[in-house]
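Report on one structure; see the data block that follows.
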Amino acid sequence: MSNVLSLTTFLPILGVLLLLFIPKDSKSVLRNVTLAVTLVNFLVSLTILSGFQTNAEFQFIENMPWIAAGPFVMRYNIGIDGISLWLVILTTFIMPIAVLSTYTAVEEKVKEYMICLLMLETGMLGAFISLDLFLFYIFWEVMLIPMYFMIGIWGGKNKIYAAVKFFIYTMVGSLLMLVALIFLYFKGMEAGITDFGLLQFFSLKLDMTTQIWLFLAFAFAFAIKVPMFPLHTWLPDAHTEAPTAGSVILAAVLLKMGTYGYVRFAIPLFPDAAHKFAPMIATLAVIGIIYAALVAMVQEDVKKLVAYSSVAHLGFVMLGIFAFNVEGISGGMLQMLNHGISTGALFLIVGFIYERRHTRLITDFGGLSKQMPVFATIFMIVTLSSIGLPGTNGFVGEFLILIGSFESELRWWTVVATSGVILSAVYMLWVFQRVMFGELDNPKNQKLLDLNARELTIMVPLIVMIFVMGLYPKPFIDKMDPAVRKLVSQMRVAPVNAQAIPAGLPAGHPAMETPAAEPSMMPAGHPVVAPSSDVNTEKVVNPHEAK
Amino acid sequence: MENLNGYLIVSAILFAIGTIGVLTRKNAIVIFMCIELMLNAVNLTFISLSRHLGHLDGQIFVIFIMTVAAAEAAVGLALMIAFYNNKESIDVEDVNLMKW
Amino acid sequence: METLFFVIISLVAIISAILVITCKNPINSALSLIMTFFCLATYYVMLDAPFMAAIQVMVYAGAIMVLIVFTIMLLNIRVNATQKHSHKVLLGSILGIFILINTVVLLFKSQVSNPVGGLTGDLIKNLGHSELIGREMFTTFLLPFEITSILLLVAIIGSVILAKKKI
Amino acid sequence: MFDNVWLIPLFPLIGFLINGFFGKKIKNEAVIGGIGTLMIFMSFIVSCGILMQMIGLPPEQRVFEKVLFPWIHCGNFKADMAFLVDPLSAVMIMVVTGVGSLIHLYSIGYMHGEEGFYRFFAYLNLFCMAMLLLVLGNNMLVMFIGWEGVGLCSYLLIGYYFHKKSAGDAGKKAFVMNRVGDFGFLLGMFTLYWWFGSNHNIWTINFTEIKAASHLLPYGGVVTVATLCFFVGATGKSAQIPLFTWLPDAMEGPTPVSALIHAATMVTAGVYMIGRMSFVFIKSPDTMMVVAVVGAATAIFAATIGTAQNDIKRVLAYSTVSQLGFMFLAMGVGAFWAGIFHLMTHAFFKACMFLGSGSVIHSMHHALHHGHLHDDAQDMRNMGGLRKVMPITFITFFVSTLAIAGIFPFSGFFSKDEILWKAFSNPYHGNLNIILWGTGAIAACFTAFYMFRLVFMTFFGECRINPKVKSHLHESPLVITIPLMVLGALATVGGFIGMPKVMGALPNYLEHWLDPVFELANEFGTKYAHEGGHHSHALEWGLMGLSIAIAVVGIMIALTMYVKNTGAPARFTATFPALHRAVYNKWYIDELYDFLFVNPCKAFGQFLWKGFDVVVVDGIVNGVANVVMGFSGIFRYMQSGYIYNYAFSMVLGVVVILGYYIFK
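Written as structure tokens, this is what we have:
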């Protein structure tokens, strides 16, 4: 099973081929087949998880020639490490749930919808596993198109505007990225790089000016996708207009592309520029946290509120990533997963009531707890996860991000960001109160049915994951840990923390790895692959045991 | 082949006349005929050059052009009939749906 | 002698071509076009390509033009007395003349290469033009030839679908 | 026994899961209530076992850590799901499980017939679990789970009657205010973690490890920052100035909830937290002063509001805030054990009073319900003379009132007197001591006044309830009165375990018991303590007498105003209308907060959305699109739709390009 990664990625395409042979009127067959395909894909991806060795190397690598056009050599080069592993699993995990949620929500053009979903899955998985810059770019664009159709065809009443906005916003960024990519490639060719393989570029030595421009281009593309303030305005529109499954996937996976892009590409490729811009990006992230929370507070549309809460959550992720230490980045990665689960769940919840009432205005609801107790419980749990209550998944990620960024240079940013926990409680609980509590006075709400078996089946895995990741996040952190450490070592964190550490103490902090004695090394290349022994020493010299 | 230039000039004149016809006439069928005229001008070029170069490929090409022209005639005239059924006219000035 | 013949044929061809674009009645245009096609067939004979001449007469003058004339009659188009856009005629003619100038200048500026193939008048006389074409067609150009049949099939289906009011 | 400490929070969790998942199907109230009560009672038994074992050990061995499983290990950061058993947490688990069991038992009677009976017990169990995690946590993060967990349960239980808007609002307010506190707690944790890590490479949030390393901490400086942050956390959870306004509103919840969460356990978490980190707090004189001042100010501030409220539960709520102020005062003057002592006695007498008020409300409610009246069952103006119909409730309530007023020999006397004495005699705050003591003493006077006002209005005088339903008033059933009696007894005798040395009748058990916990803090404190802190026994006796006298004065005023001369309150109100209105409206603090924070936040959010998001950002985005569309609007006229135009352009293109190549 050496090509299990390819199998996972392209299984949905096989599913599409299968769907082509099913007449478009047999909707339930179409749905069930799609569900089966995504489920099988999830199972296949679990074999990746079980076969994954906990180390910093890329695994399941497949490297084959693909396109060689003149000077451009692109290879089909894929593989995963601890960072992308969980995102792949998250994608395959969310997909069956998203498919299951469409059973009653989508009645028109079911076949096309399912095809879109499956193509989207391939696009997303491909982007996560690509180790070739160009391949990544292709997948990055591939996932754009099904999403565009999903919003534009099956969306709400303002769908065309939202779809075009989504498309153009993303396209502007990705074209900049394409230019930067090609420029980077030519730079790389001067240094003897032979193809678009990502790993080679890690060892590329670029001067500061080049790094800055390239970083800005990449960062811009990813910032739109994240989305970071002030490039976030496509998100509320896209989310509001998208069908439920679209919103779920958009929130759970697509937004992660942006943050993943930072972790995988923008930061390790241009470490010096990343350092230079860290305060600026952290500022935007923090503004995003507070800003989105304040805006979410006054929303009248539940879905828009959840969309803005996504902006706030991803602000946390960005803050964690730009802390450039193990805690921050692990927290950011974890928070990406958490956000995928809890915000996905929130969108599903909004979808459930939308299907029943065909409205999303908060004022149309009130007192639903009485009528829908199970729904209320699930909504409560997801709300708590979203505001990061300890014991749920949201807390672990948020906490690691905050503690990581607090011990980095971004201390004051962290203080401001921490106040986001207050605001998130305000807006989430307020909406919960207005929807679920109070008198059940709207006659239309008095006949609502509680969740049915299918909807429960959708929610239960998410709820389970909320608690599993909240109470025992160890396996998740452990699997990604070596990769994160390697990333941090690639970052060559400026020795801010190290200054305070008296000489002679055992190295406990990754910052200690910085060769402070060799300042001349600064512009030079960062180690492509940190020698595994380094990683081990770090593990051994644990502050607790050292003390 | 001492008279090659003569053939080519005739061909060019015919082609130019065809072009003028396409640009000036309104009747779609006449335009269609002008296009046929242009194709024939090209055919003449092909054959005369084929003869001059002593190579058959040009003539083979002409056969293909004729096939395409035949296909085009069939489809084009069918289009015209369909259009006429809708608009009671085959004036190209009435074909303006592709506006803006 | 041959030059004179060529000039006469050329004059006929050009005049009938001009008639094609000037006649008000499409039927007249069509008849003029047939005239032009016959002239072209004559040229082909003069160029030692009797097979092409035969096809020219059969396909163009015979099949395509008959189709066009049928269509004209079928539609029974009223002749529009007035040509509204005189500037259109003017601009079109100017452009056409420019095309002509371009081509002729190109013709005189460029150098035609010497014969490259082994096809001579004697060879054609000995072997026959049809055989030469046929041999070429069913060996080197077999695949395009077959694809052409598909093209024709598509055209048949397309025209049937287009022309029929209800399928 | 120590090894089984994890059972303590586990039992309530089991109870929560059973009632939460199957409660709706079980339906039988006795079973549901029985499971809930049994679970917390099992925890109580385990706690007793742990306490017994601990008593049997020499003081220096009374610390035990139990790691259950690794929780978050990442980079340098390491937090386990681990428990810490030491004398302090032993006291706390005894209080929580003990009082908790009684309140569970009480709830079976009180909540009888409520629609969401199972839900109530599930939440109550969940709350107990969270509270036990809070007190047993071995590191700040486990404590934080409990910290937020109790906040959540408080939210759920306050909002128990979710169809009432006021209940939902109160729950949300409580949660958000607690979150403000959590914000402080997190920052405090970050600061300590970062400071230890970056300066000494000790990356830890573990209490025992911090304690072991606490000698490295400087006096003041970063410690002040960290402890002030922690203190913000404590003010949120323990309803101190400025974050106290949620607690009175929290009375929207059912009465047992008020007793358990908003009197006995959760609100004391802040006090416990300071006690747990006493060795850090003491290192910052400034923070200690802030704690003391805020405590004293809250004590008197809440007490003044308490004098003018008519809702029986609101009076008790303000009283709770005031008493919590006393506890913080104790913490702030370095009398950590006294704070914990008052925490414990307060848990007894305030729980007893809340349950007593619940009993009264229960009875009133039933009576009013019979008569189909919609009078407020909690308004003291509708009560009066209840001592005859509800003797047990009255006696237990009266005993507790004596305790809170600080009358010898009831439990409150010992703890409150110890606090006032330490406020007066502590070596830390110099001249501030006399102000702290004075404030505390006046607050004690107010306490005595409003508590007896409550007693007099409720239990004495004429019965002011609608005469139609008077006959329906009756004593509550046994399941309600038993917890009252137990708590009443504890409120009476609970003080003897912390008898001051000067009395000498009994050794001060509690202080000795807690000594190993606070030893280090006291040692750190001596570094900057003022000399001359020796006060004579005579002074101590004198102050003790004075505090009793003050309490008696308060009682006398209440007696005069509400029993003997019942027109007095009205006359007082008429004389000082502005003052009364201000006090009655809680000094307009809620309105102030609305004005300062809530409304600006909403307005700002609206502005950001409608003003910035829609106008500026989308304006730019749509503006770009509009410019493009404007241009294309011009260029589209090239698309005339006429074929000959297209043909014309095409030929023109051919001519131009061909011409260029020919004539170039």
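Protein chains in written order, with this note's numbering: chain A, 1 to 547; chain B, 1001 to 1100; chain C, 2001 to 2167; chain D, 3001 to 3664.
Built from N, CA and C at the ideal position, the CB exists for glycine as well.
query, result
"What would DSSP say about I3465/D, mapped onto helix, strand or coil?", "coil"
"Along the stretch 2008-2040 of chain C, where does the CB come closer than 7 Å to a CB of chain B? Name the residues.", "S2010, A2013, I2014, A2017, I2018, V2020, I2021, P2026, S2029, A2030, L2033, T2036, F2037, L2040"
"Span of the alpha helix (DSSP H) holding R3119/D?", "3117-3136"
"Given K3172/D, which residues of its chain have a CB within under 8 Å of its CB, disregarding the five upstream and five downstream residues?", "Y3155, G3159"
"Can you find a C-beta in chain D that's less than 8 Å from the C-beta of Q433/A?", "yes"
"Can you grab the Cα-Cα spacing for the pair E1072/B / I2161/C, in whole Å?", "14 Å"
"Secondary structure at C2023/C, three-state DSSP: helix, strand or coil?", "coil"
"Suppose contacts are defined by Cβ-Cβ distances below 8 Å. Is G123/A in contact with M150/A by that definition?", "no"
"Determine the extent of the alpha helix (DSSP H) in which Q211/A is found, giving its start and end residues.", "208-225"
"So what's A3079/D in DSSP terms, helix, strand or just coil?", "strand"
"So, G173/A versus D132/A, is the Cβ gap smaller than 8 Å?", "no"
"In chain order, what residues of the same chain lie with their CB nearer than 8 Å to the CB of M171/A, ignoring the 5 residues before and after it?", "L144"
"Could you check if M147/A is buried or exposed, using at least 16 other CB atoms within 10 Å of its CB as the buried criterion?", "buried"
"I'd like to know whether the C-beta atoms of H3362/D and S3476/D end up nearer to each other than 8 Å.", "yes"
"Verify the CB distance criterion: does S3198/D have a CB-CB separation below 8 Å to chain G?", "Of the chains in the structure shown, none is chain G; the protein chains are A, B, C and D."
"Determine the burial state of E3148/D: buried for a count of at least 16 other Cβ atoms within 10 Å of its Cβ, exposed for fewer.", "buried"
"What span of residues does the beta strand (DSSP E) with Q59/A cover, start to end?", "59-69"
"If we count the other Cβ atoms within 10 Å of its Cβ and call it buried at 16 or more, is P268/A buried or exposed?", "buried"
"Contact criterion: CB-CB distance below 8 Å. Does F3604/D meet it with respect to chain B?", "no"
"Chain B partners of F2141/C, CB-CB under 7 Å?", "I1060"
"For P543/A, which three-state DSSP category applies?", "Only weak support is given to the placement of P543/A: the predicted model assigns it a pLDDT of 42, under 50, and the value that follows is read from those uncertain coordinates. Helix at P543/A."
"Under 8 Å between the Cβ atoms of L255/A and V302/A?", "no"
"Which term fits H509/A, buried or exposed, when burial requires 16 or more other beta carbons within 10 angstroms of its beta carbon?", "Residue placement at H509/A cannot be trusted, given a pLDDT of 44 that sits under 50; the coordinates are not used to answer."
"To the nearest angstrom, how far is it from the Cα of Y3593/D to the Cα of M491/A?", "45 Å"
"Going by the CB atoms, is the gap between G3168/D and T3255/D shorter than 8 Å?", "no"
"Look at F322/A and L410/A and say whether their C-beta atoms are less than 8 Å apart.", "yes"
"Counting only C-beta atoms, is V1010/B closer than 8 Å to chain C at any point?", "yes"
"Is the separation between the beta-carbon of I3392/D and that of M3485/D shorter than 8 Å?", "yes"
"Work out the CA separation of I129/A and N3178/D for me, nearest whole Å.", "43 Å"
"Assuming H3535/D is part of the alpha helix (DSSP H), what are its boundary residues?", "It is not in any alpha helix (DSSP H) - H3535/D carries neither H nor E in the DSSP assignment."
"Is there a C-beta anywhere in chain C that falls below 8 Å from the one on Y3644/D?", "yes"
"Along the chain, where does the beta strand (DSSP E) that runs through H3073/D open and close?", "3064-3074"
"Run down chain D in chain order and give the residues with a C-beta less than 7 Å from the C-beta of E1093/B.", "Y3642"
"If you draw a straight line from the alpha carbon of E3209/D to that of A245/A, how long is it in whole angstroms?", "48 Å"
"In chain C, which residues lie less than 7 Å from L3658/D when you measure between Cβ atoms?", "N2102"
"F2006/C touches chain B at which residues, Cβ-Cβ below 9 Å?", "N1003, G1006, Y1007, V1010"
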